[in-house]
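Engineer: Following this message is one structure expressed as structure tokens.
In this note's numbering, the protein residues as written are 32 to 181.
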């Protein structure tokens, strides 16, 4: 199974179709969709599933099936984390390289960029509506201040 995944990875990485642009903090939704497609093609998207139960600690009484499942999960986690880090800009790579879990990196990127996207949308709407009574920074504070504990 491990050899099949490695061969699949090599085949996919040699195709122009799957070469992803490095994520530099802009256009997160598009980048996320492309990376999600790549991870689905590699059959490792399940690593990012929030409902994926953690593996129990290894014991001496583990069956061969449990050992194989654990080994495959650890391998999939390594490949998934590597692919995520590989398509980050150098600045973001340095920021997330110490994070051990692919799911933690994914969740952190998702949260940060969704918040920024909401702030940007709200700011654009306020400016387009002609809110001139307050400075834009004051509007953002009034709307998002409680969220950020400002």
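All C-beta atoms in this analysis are idealised placements derived from N, C-alpha and C, irrespective of residue type, glycine included. The structure displayed is predicted, hence computed values, not measured ones.
Whole angstroms are fine: how far does the CA of residue 102 sit from the CA of residue 95?
Structural biologist: Here residue 95 refers to the residue found at position 64 when the chain shown is read from its first residue. Here residue 102 refers to the residue found at position 71 when the chain shown is read from its first residue. Roughly 10 Å separates the two Cα atoms.
Engineer: Where are the alpha helix (DSSP H) runs, 4 residues long or more, that stay fully inside the region 63-127, in chain order?
Structural biologist: Here the runs fully enclosed are 95-117, 121-127.
Engineer: Name the one or two DSSP bridge partners that residue 59 has.
Structural biologist: By one-based count along the chain shown, residue 59 stands at place 28. DSSP output for residue 59 lists no bridge partner at all.
Engineer: Flag this pair as yes or no: are the beta carbons of residue 111 and residue 78 separated by less than 7 Å?
Structural biologist: As a working note, residue 111 is residue 80 in the chain shown. As a working note, residue 78 is residue 47 in the chain shown. A contact, by the Cβ cut-off of 7 Å.
Engineer: Would you say the region 80-93 touches the region 48-64, given that touching needs at least three Cβ pairs under 8 Å?
Structural biologist: Counting Cβ pairs under 8 Å, fewer than three are found: no touch.
Engineer: Near residue 51, what residues of its chain come up, given a Cβ to Cβ distance below 8 Å and the 5 sequence neighbours on each side ignored?
Structural biologist: To locate residue 51, count along the chain shown from 1; it is residue 20. Contacts found: 62, 65, 66, 69, 118.
Engineer: Using a Cβ-Cβ cut-off of 8 Å (strictly less than) and excluding sequence neighbours within five positions of residue 177, which residues of its own chain qualify?
Structural biologist: Numbered from 1 along the chain shown, position 146 holds the residue referred to as residue 177. With a pLDDT of 45 at residue 177, under the threshold of 50, the modelled position of that residue is not reliable, and no figure is offered here.
Engineer: What does the alpha-carbon distance come out to for the pair residue 121 and residue 92?
Structural biologist: Taking the first residue of the chain shown as position 1, residue 121 is located at position 90. Taking the first residue of the chain shown as position 1, residue 92 is located at position 61. Looking at the two C-alpha atoms, the distance is approximately 43 Å.
Engineer: Buried or exposed: residue 142, going by 16 or more other Cβ atoms within 10 Å of its Cβ?
Structural biologist: Reading the chain shown from its first residue, position 111 is the one you call residue 142. Counting Cβ neighbours within 10 Å, residue 142 comes out exposed, since fewer than 16 surround it.
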